[in-house]
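> Quick one: the structure is below, questions incoming.
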Amino acid sequence: MNYHDHYQQALHHPQQFWQEQASQLAWYKFPQQIVSSDETAPDWFADGQLNISYLALDFHVEQGRGEQTAIFYDSPVTGVKQAYSYAELKDQVARFAGVLKKQGVQKGDTVVIYMPMIPQAAIAMLAVARLGAIHSIVFGGFAAHELAIRIDDAKPKVIISASHGIEVTRLIPYKPLLDKALQKASHKPECSIIYQRQVAPELQVEAQLQPGRDLDWDSAMQHATDADPVPVNSADPLYILYTSGTTGKPKGVVRDTGGYAVALHYSMSAIYNCHAGDVIFTASDVGWVVGHSYIVYGPLLAGCSTVLYEGKPVFTPDAGAFWRVCQDYKVKAIFAAPTAFRAIRKEDPEAALLEQYDLSVLETLFMAGERLDPPTYQWASDKLKRPVIDHWWQTESGWPIAANLTGIERLPVKPGSATVPVPGYDIQVLDDSGGPVKNGEQGNIAIKLPLPPGCLTTIWNNPARYQSGYLRQFPGFYASGDGGYKDEDGYIFIMGRTDDVINVAGHRLSTGEMEEVVASHPAVAECCVVAKQDSLKGQQPVGLVIMKNGIDMSAEQLQQELVALVREHIGALACFKIAVPVKRLPKTRSGKILRKIVRSIVDGEDYQVPSTIDDPDSLKEIEAALENTG
Numbered sequence: 001m002n003y004h005d006h007y008q009q010a011l012h013h014p015q016q017f018w019q020e021q022a023s024q025l026a027w028y029k030f031p032q033q034i035v036s037s038d039e040t041a042p043d044w045f046a047d048g049q050l051n052i053s054y055l056a057l058d059f060h061v062e063q064g065r066g067e068q069t070a071i072f073y074d075s076p077v078t079g080v081k082q083a084y085s086y087a088e089l090k091d092q093v094a095r096f097a098g099v100l101k102k103q104g105v106q107k108g109d110t111v112v113i114y115m116p117m118i119p120q121a122a123i124a125m126l127a128v129a130r131l132g133a134i135h136s137i138v139f140g141g142f143a144a145h146e147l148a149i150r151i152d153d154a155k156p157k158v159i160i161s162a163s164h165g166i167e168v169t170r171l172i173p174y175k176p177l178l179d180k181a182l183q184k185a186s187h188k189p190e191c192s193i194i195y196q197r198q199v200a201p202e203l204q205v206e207a208q209l210q211p212g213r214d215l216d217w218d219s220a221m222q223h224a225t226d227a228d229p230v231p232v233n234s235a236d237p238l239y240i241l242y243t244s245g246t247t248g249k250p251k252g253v254v255r256d257t258g259g260y261a262v263a264l265h266y267s268m269s270a271i272y273n274c275h276a277g278d279v280i281f282t283a284s285d286v287g288w289v290v291g292h293s294y295i296v297y298g299p300l301l302a303g304c305s306t307v308l309y310e311g312k313p314v315f316t317p318d319a320g321a322f323w324r325v326c327q328d329y330k331v332k333a334i335f336a337a338p339t340a341f342r343a344i345r346k347e348d349p350e351a352a353l354l355e356q357y358d359l360s361v362l363e364t365l366f367m368a369g370e371r372l373d374p375p376t377y378q379w380a381s382d383k384l385k386r387p388v389i390d391h392w393w394q395t396e397s398g399w400p401i402a403a404n405l406t407g408i409e410r411l412p413v414k415p416g417s418a419t420v421p422v423p424g425y426d427i428q429v430l431d432d433s434g435g436p437v438k439n440g441e442q443g444n445i446a447i448k449l450p451l452p453p454g455c456l457t458t459i460w461n462n463p464a465r466y467q468s469g470y471l472r473q474f475p476g477f478y479a480s481g482d483g484g485y486k487d488e489d490g491y492i493f494i495m496g497r498t499d500d501v502i503n504v505a506g507h508r509l510s511t512g513e514m515e516e517v518v519a520s521h522p523a524v525a526e527c528c529v530v531a532k533q534d535s536l537k538g539q540q541p542v543g544l545v546i547m548k549n550g551i552d553m554s555a556e557q558l559q560q561e562l563v564a565l566v567r568e569h570i571g572a573l574a575c576f577k578i579a580v581p582v583k584r585l586p587k588t589r590s591g592k593i594l595r596k597i598v599r600s601i602v603d604g605e606d607y608q609v610p611s612t613i614d615d616p617d618s619l620k621e622i623e624a625a626l627e628n629t630g
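FYI, the numbering for the sequence shown is 1 to 630, going by UniProt numbering.
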């Protein structure tokens with residue numbers, strides 16, 4: 001079947017379509033009820049039973065793939081490289097599940113994981129799932145206060161952590177941060193299990209264990225007995241993943257087990273064209289949804305080899321790091337955020353380092369996490385000479401919403417578009433009143449209910465917040481919070497969050513559209529356009545610009561050329577007059593620009609430094625740059 005056939009079957013015959021996808025997995029009890037009739041909270045495969053850890057590990061060993069590599073661990077910050085076969089990984093996971101079982105962890109319990117990008121993080125995830133328990137990964141290095149908030153919400157029986165994390169310029173003391181969080185938290189877990197990292201002496205930090213509460217990972221493993229997989233119902237939660245909320249209190253997105261497993265397994269072949277034996281390199285972190293879905297669960301469900309990379313796209317040691325990984329592990333598909341490639345482009349504009357590596361196995365580069373602006377798309381496409389595929393999804397969806405399904409039918413690429421809706425998603429563009437808009441007109445991106453398998457089922461401990469945050473704005477639809485449009489060919493263009501719209505003298509203008517124009521300038525490596533309050537026009541756009549290395553151009557000349565460029569492509573009504581060069585843009589650790597903070601700085605308002613920020617010093621640099629421009 002081609003893309004159209006897949007999409008229409010999922011749209012009009014969802015029971016048959018998803019039954020066929022579910023049949024690709026080895027259930028303990030195959031579901032007879034494919035989906036419940038409740039559109040706002042559908043139970044997918046409700047009477048089915050499975051265990052995702054079994055499907056990701058034991059099943060492949062039973063099929064004779066035990067010697068195939070499951071995880072390649074590559075850590076340029078420590079110089080360590082390791083490979084775990086499916087059989088070795090299964091043994092480690094079964095043994096650590098035995099450790100957790102000995103501590104009383106059982107089906108339905110919660111376990112918080114607070115670890116760096118090391119194999120033990122993936123082992124911990126799969127071990128928790130093996131017992132039918134629920135894991136909640138808190139991104140490594142989050143401040144103690146933020147960790148305490150998540151501990152109090154998830155109420156874990158056990159916390160799993162490590163001595164420390166290692167980054168390019170610093171060590172992150174995980175254990176002391178955990179100790180502070182446990183002091184702050186009202187909920188007190190029964191024990192903490194700490195992995196002592198064994199690395200080079202200059203990178204070594206010994207975690208101090210508290211007697212009676214803390215267990216040493218290695219010692220506990222020596223005295224543990226392997227645990228078997230525990231069957232769970234399809235609708236039973238697999239994990240809680242916290243995402244930032246507008247109220248300041250994180251939202252605990254709840255993911256089910258069966259629907260998620262079916263959706264991920266389908267996506268690995270349909271979207272990423274990756275099958276058993278293929279190697280996928282997802283440059284993310286297990287603390288983010290991308291890491292959950294496409295570093296750990298998706299690749300292992302499909303029998304692929306996955307690369308767990310503890311490093312950066314640049315400076316570990318240079319902008320050729322990703323290309324080196326692709327060569328060393330014969331990577332078929334890369335998945336990364338556009339910001340990673342903007343960083344590579346800034347450090348190596350001509351991609352000279354690319355010529356040093358053999359990428360003959362690499363077929364496709366996938367990008368997501370933020371909008372793939374056309375200039376970045378064009379650069380990556382020109383330099384790699386391979387398909388560059390943008391796709392759009394969210395923490396809440398758990399897997400792609402719009403994509404180019406390379407494993408079914410690769411459609412023509414339109415720069416700036418995430419291509420077409422993935423089968424199972426009925427994407428519509430609505431005005432603020434909930435009515436449909438014409439093709440080409442911007443509006444609110446919404447998904448007609450019911451949501452397909454794999455999407456969030458509720459908010460942990462707060463189902464009312466799920467209703468109010470996602471279902472209330474447009475009855476019968478899931479409100480994505482993103483704005484964009486659909487063209488005459490059905491291609492989806494995501495232009496940014498709906499609050500990233502500038503209203504200039506009554507004209508509603510997209511920041512994504514302005515950024516696309518600014519980024520097209522040959523001197524610009526990366527940019528951010530936000531709205532500044534203006535007493536006359538309501539709002540006025542301000543551009544913050546990172547220049548490429550080696551560009552000899554004054555700030556005044558760059559601003560003049562960017563103003564002219566925006567006027568040419570969008571018009572004088574945009575009132576784009578301010579472009580300020582900066583060294584860095586404030587980003588989350590997953591690479592998203594913190595636009596709300598930038599807006600506050602531009603307007604001279606007070607702001608709180610968020611826990612998710614990767615480089616707090618960038619905020620002061622922006623303040624100074626804006627002051628210098630007046």
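From the three backbone atoms N, C-alpha and C, an ideal C-beta is built for every residue, glycine too. Here the structure is a predicted model, which is why all the values come from computation and not from measurement.
Taking the alpha carbon of I344 as the reference point, which residue from P201, F322, E396 has its own alpha carbon closest?
Here residue 344 corresponds to residue number 344 of the sequence shown, with the count starting at 1. Minimum Cα distance to I344 is reached at F322.
> Compute the Euclidean distance between the alpha carbons of A162 and A207, then round it to the nearest angstrom.
For the purposes of this step, residue 162 is taken as residue 162 along the sequence shown, with counting starting at 1. For the purposes of this step, residue 207 is taken as residue 207 along the sequence shown, with counting starting at 1. If I take the Cα positions, the gap works out to 8 Å.
> Grouping DSSP H, G and I as helix and E and B as strand, with all else coil, what is T246?
Residue 246 sits at position 246 when you count from the first residue of the sequence shown. Only weak support is given to the placement of T246: the predicted model assigns it a pLDDT of 49, under 50, and the question is left unresolved by the model.
> How is G165 classed by DSSP in three states: helix, strand or coil?
Mapped onto the sequence shown, residue 165 falls at position 165. Strand, per DSSP.
> In whole angstroms, give me the CA-to-CA distance for L147 and V331.
Residue 147 sits at position 147 when you count from the first residue of the sequence shown. Residue 331 sits at position 331 when you count from the first residue of the sequence shown. Straight-line Cα distance between these residues: approximately 35 Å.
> Hey, G98 and A227: beta-carbon distance below 8 Å or not?
Within the sequence shown, numbered from 1, the residue matching residue 98 stands at position 98. Within the sequence shown, numbered from 1, the residue matching residue 227 stands at position 227. For G98 and A227, yes; Cβs fall inside 8 Å.
> Between I194, A519, Q9, which has its C-alpha nearest R371's C-alpha?
Indexing the sequence shown from 1 puts residue 371 at position 371. Nearest of I194, A519, Q9 to R371, Cα basis: A519.
> Across the region 597-606 and the region 546-561, are there enough close Cβ pairs to call them in contact, namely three or more that are closer than 8 Å?
The region 597-606 is not in contact with the region 546-561.
> Where T247 and R65 are concerned, what is the direct C-alpha to C-alpha distance, given to the nearest angstrom?
Start at 1 with the first residue of the sequence shown, and residue 247 comes out as number 247. Start at 1 with the first residue of the sequence shown, and residue 65 comes out as number 65. In this predicted model, T247 has a pLDDT of only 48, less than 50, meaning its place in the structure is not dependable; the value taken from the coordinates is given anyway. The straight-line gap from Cα to Cα measures roughly 47 Å.
> Compare the Cα-Cα distances from A129 to each of L100, P415, P541, N628 and report the closest residue.
On the sequence shown, residue 129 is found 129 positions in, with the first residue counted as 1. Per the Cα distances, L100.
> Given this structure, state the Cα-to-Cα distance separating E355 from K577, to the nearest angstrom.
Stepping through the sequence shown from its first residue, residue 355 is reached at position 355. Stepping through the sequence shown from its first residue, residue 577 is reached at position 577. If I take the Cα positions, the gap works out to 39 Å.
> What residues match up with L509 in a beta bridge as DSSP calls it?
On the sequence shown, position 509 is the one that residue 509 refers to. Per DSSP, I502.
> Figure out for me which residue from Q33, D91, D615 has the closest Cα to the Cα of S53.
Position 53 of the sequence shown, counting from 1, holds the residue named residue 53. For S53, the nearest C-alpha among the options comes from D91.
> Would you tell me roughly how many angstroms separate the C-alpha atoms of A263 and L451, rounded to the nearest one?
In the sequence shown, residue 263 corresponds to position 263, counting from 1. In the sequence shown, residue 451 corresponds to position 451, counting from 1. Looking at the two C-alpha atoms, the distance is approximately 12 Å.
> Which residue comes first and which comes last in the alpha helix (DSSP H) that contains Q222?
Working through the sequence shown from its first residue, we reach residue 222 at position 222. Looking at the DSSP string, the run of the alpha helix (DSSP H) that includes Q222 is 217-222.
> Would you kindly report the start and end of the unbroken beta strand (DSSP E) that includes Y485?
Position 485 of the sequence shown, counted from the start, is the residue given in the question as residue 485. Where Y485 is concerned, the enclosing beta strand (DSSP E) stretches over 477-486.
> Just to confirm, is the Cβ distance from I271 to P299 under 8 Å?
As a working note, residue 271 is residue 271 in the sequence shown. As a working note, residue 299 is residue 299 in the sequence shown. No.
> Between the region 212-222 and the region 74-84, are three or more C-beta pairs nearer than 8 Å?
Not touching, per the Cβ criterion.
> Tell me which same chain residues have a C-beta within less than 7 Å of the C-beta of I502, skipping the five on either side of it?
Working through the sequence shown from its first residue, we reach residue 502 at position 502. These residues qualify, in order along the chain: L509, T511, A531, Q539, P541.
> Enumerated in chain order, which unbroken segments of the beta strand (DSSP E) with a length of 3 residues or greater are wholly contained in the region 287-372?
You should have 305-309, 333-336, 364-367.
> Looking only at its own chain, which residues have a Cβ that is under 7 Å from the Cβ of A87, when we skip the five neighbours before and after it?
Taking the sequence shown and counting its residues from 1, the one referred to as residue 87 is at position 87. These residues qualify, in order along the chain: V61, G66, E67.
> By the DSSP assignment, the beta strand (DSSP E) with F72 in it spans what residues?
The residue given as residue 72 occupies position 72 in the sequence shown. From DSSP, the beta strand (DSSP E) with F72 extends over 69-75.
> Excluding the 5 residues preceding and the 5 following K155 in the sequence, name in chain order all residues of the same chain whose CB lies nearer than 7 Å to its CB.
Counted from its first residue, the sequence shown places residue 155 at position 155. So the qualifying residues of the chain are T110, H187.
> Using only the alpha-carbon positions, how far apart do I408 and T376 sit?
Looking up residue 408 in the sequence shown gives position 408. Looking up residue 376 in the sequence shown gives position 376. Those two C-alpha atoms are separated by around 25 Å.
> Look up V609 in the DSSP assignment and say whether it is helix, strand or coil.
For the purposes of this step, residue 609 is taken as residue 609 along the sequence shown, with counting starting at 1. Correct three-state label for V609: coil.
> So I578 is in the beta strand (DSSP E); what residue range does that whole segment cover?
Taking the sequence shown and counting its residues from 1, one reaches residue 578 at position 578. Segment 578-581, the beta strand (DSSP E) holding I578.
> Return the Cβ separation of P412 and Q378 in integer angstroms, given the expectation that the two are a contact with Cβ distance under 8 Å.
Here residue 412 is taken as the residue at index 412 of the sequence shown, counted from 1. Here residue 378 is taken as the residue at index 378 of the sequence shown, counted from 1. Not confirmed; about 15 Å, so no contact.
> List the DSSP bridge partners of R497.
Counted from its first residue, the sequence shown places residue 497 at position 497. For R497, which the question treats as bridged, DSSP gives the partners D482.
> Using 8 Å as the threshold, is the C-beta distance between D74 and V325 below it?
On the sequence shown, residue 74 is found 74 positions in, with the first residue counted as 1. On the sequence shown, residue 325 is found 325 positions in, with the first residue counted as 1. Going by C-beta atoms, D74 is nearer than 8 Å to V325.
> Quick check: what's the CA-CA separation for W460 versus G258?
Position 460 of the sequence shown holds residue 460. Position 258 of the sequence shown holds residue 258. W460 and G258: Cα-Cα distance of roughly 18 Å.
> Please give me, in chain order, every unbroken run of the beta strand (DSSP E) with length at least 3 that falls completely inside the region 166-221.
With a minimum length of 3 residues, the continuous beta strand (DSSP E) runs that stay inside the region 166-221 are 191-195, 214-216.
> Does the separation of the CB atoms of I160 and I113 fall below 8 Å?
Position 160 of the sequence shown, counting from 1, holds the residue named residue 160. Position 113 of the sequence shown, counting from 1, holds the residue named residue 113. Contact flag set, yes.
> With distances taken between CB atoms, is the gap from V254 to P237 smaller than 8 Å?
As a working note, residue 254 is residue 254 in the sequence shown. As a working note, residue 237 is residue 237 in the sequence shown. A contact, by the Cβ cut-off of 8 Å.
> For Y294, which residues from the same chain have a beta carbon less than 6 Å from its beta carbon, with the 5 sequence-adjacent residues on both sides left out?
To locate residue 294, count along the sequence shown from 1; it is residue 294. Cβ neighbours of Y294 beyond the five flanking positions: T282, F335.
> I'd like to know if the region 457-475 and the region 485-492 are in contact, where contact means that at least 3 CB-CB pairs between them fall below 8 Å.
Contact between the region 457-475 and the region 485-492 is absent, because fewer than three Cβ pairs lie under 8 Å.
> By the 10 Å Cβ neighbour count, where 16 or more other Cβ atoms means buried, how is D256 classified, buried or exposed?
To locate residue 256, count along the sequence shown from 1; it is residue 256. Answer is buried; the Cβ neighbour count reaches 16.
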